[in-house]
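Peer 1: Residues in the sequence shown are numbered from 1040 upward in steps of one, following our numbering. Even for Gly, the Cβ is constructed at its ideal location relative to N, Cα and C. Here it is: the structure, laid out below.
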Amino acid sequence: MRDFAVAQKYAKSFTVGLKAGIEYRANFFFAIAAAVAPVVIQTALWIVIYGGSSDGDNGSTLFGFTFAQMVAYTVIAQLVSRLVRTGFEYDLNDDIRTGSLDRYLVKPVGYFGFRLFAFLGDKAVQSFVMGALLAVAVAVLSRMLGFSVSLPAVALFCLALLIAFMFNFLLFWCVGLAGFWLTEIGFLFEAVRIVIIAASGGIFPLAVFGPRAERVLSLLPFKFTIQFPTELLCGRIPAGDILPSFALAIVWMLALIALGQLLWRRGLRRFAAVGS
C-alpha cells in the first residue's frame, strides 16, 4: 500500500512535468527552429568538403561517412541534441541558493525522484513532437539522398533515447549539486553544456576528432546523449557492438547515480549546517 502511494506521488510529479511541457511548448518549438541554422550551415560545409556532390551517389567517404550518411547524422543529431536538453538544473540551483529546498525535504517524496519524473513528463510532450519531426526528416532524406532506416533501428533508437534522457539528467543533476558549494553556477551550466555537446557528437561525429580522440571519447558517457542514439537510427553501429555499448551505458549510469548520491548527501550536510 505504501509503495502504491509513493508511485502515485511520482506519477503526480510526472504530470507536473507533462503540464509544464504543454504550457511552455513554444520554447521547445523555438529551440527546434534554432536547430535549422546549424543544419543548413553544416550541410553546406559538407557539400563543399565532399567535393560539391550533393547526390550521395559518388561513393566517396569522409571519416567513414558517405555524404548521405553525414547529412543524415547532422540532421538527426541536431534534433536529438535539442530533445535531450535539460533545464531543471536552474530550478535545482535556485532551490539550493534561496533555501527553498528545505520545503521539499519534508515532503513524502524524494527530491531526486520529483525532479526526474517531472523532467521525463516534460520530455514526453517533446518526444511526441520530435517523433513527427524525425519521421518528416527521414522521409525527406530518403527522397533526396536515398537514406532509409529499419524498424529494428527505430526500436533501438527509442531505447537509446530513453538512456540519453537519463544520462543528461544525471550529468546535470551532478553539476547542479555544485550549488551546495558555489553561490551562482549558471555560467557553469552553459560551459558544461558546450563541452558535453562537443564530446557527445552533437556538433560533428566523434570520428572527426581523429582515431585516438574518438577511442577516448567513446569510453566516456557523453556519447550516449547524442551520438549513440543517432548512429543507431542511422544503422552505423555493427550488430556485435550494440549490446556491449548498452552495457557500457548502464555501467556509466550506475556510476553517475552513485556520484549524485554522494554529492547529495554531502551537500545536504552543508546545506543544514549553513541553514542552522
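Look at residue 1078 and residue 1117 and say whether their C-beta atoms are less than 8 Å apart.
Peer 2: yes
Peer 1: Sort 1287, 1112 and 1310 by Cα distance to residue 1184 and report the nearest one.
Peer 2: 1112
Peer 1: What residue range does the alpha helix (DSSP H) around residue 1269 cover?
Peer 2: Residue 1269: member of the alpha helix (DSSP H) spanning 1266 to 1273, first to last residue.
Peer 1: Please state the DSSP three-state secondary structure of residue 1101.
Peer 2: strand
Peer 1: If you reduce the DSSP assignment to three classes, tell me which class residue 1212 lands in.
Peer 2: helix
Peer 1: Please state the DSSP three-state secondary structure of residue 1349.
Peer 2: Within the shown structure, residues of the chain are numbered from 1040 to 1315, placing residue 1349 beyond reach of any answer.
Peer 1: Pairs of beta-carbons, one from the region 1157 to 1176 and one from the region 1238 to 1250, closer than 8 Å: are there three or more?
Peer 2: no
Peer 1: Rounded to whole angstroms, what's the CA-CA distance from residue 1167 to residue 1217? Just pull it up for me.
Peer 2: 33 Å
Peer 1: Considering only C-alpha positions, which residue in the set 1308, 1050, 1177 and 1104 is nearest to residue 1220?
Peer 2: 1308
Peer 1: Taking residue 1115 as the reference, which of 1197, 1141 and 1306 has the closest Cα?
Peer 2: 1197
Peer 1: Can residue 1264 and residue 1123 be called in contact, C-beta distance under 8 Å?
Peer 2: yes
Peer 1: Could you pull out every residue in the same chain whose Cβ sits closer than 8 Å to the Cβ of residue 1255, ignoring the five residues on either side in sequence?
Peer 2: none
Peer 1: Helix, strand or coil, according to DSSP, for residue 1206 in the structure here?
Peer 2: helix
Peer 1: What number of angstroms, rounded off, separates the C-alpha of residue 1089 from the C-alpha of residue 1275?
Peer 2: 19 Å
Peer 1: Please classify residue 1249: is it buried, with 16 or more other beta-carbons within 10 angstroms of its beta-carbon, or exposed?
Peer 2: exposed
Peer 1: Only counting the same chain, and skipping five residues up and downstream in sequence, which positions put a Cβ closer than 7 Å to that of residue 1210?
Peer 2: Cβ within range, chain order: 1235 and 1295.
Peer 1: Tell me the rounded alpha-carbon separation between residue 1083 and residue 1213.
Peer 2: 37 Å
Peer 1: Hey, how far is the Cα of residue 1130 from the Cα of residue 1288?
Peer 2: In a straight line, the C-alpha of residue 1130 is about 27 Å away from that of residue 1288.
Peer 1: Would you call residue 1105 buried or exposed, if buried means 16 or more other Cβ atoms sit within 10 Å of its Cβ?
Peer 2: buried
Peer 1: Measuring CA to CA, which of 1145, 1232, 1169 and 1251 is closest to residue 1119?
Peer 2: 1169
Peer 1: Which of the three DSSP states is assigned to residue 1284 in this structure?
Peer 2: helix
Peer 1: According to the neighbour-count rule (16 or more other Cβ atoms, all chains shown, within 10 Å of its Cβ), is residue 1301 buried or exposed?
Peer 2: exposed
Peer 1: Does residue 1089 come out as helix, strand or coil in the three-state DSSP assignment?
Peer 2: coil
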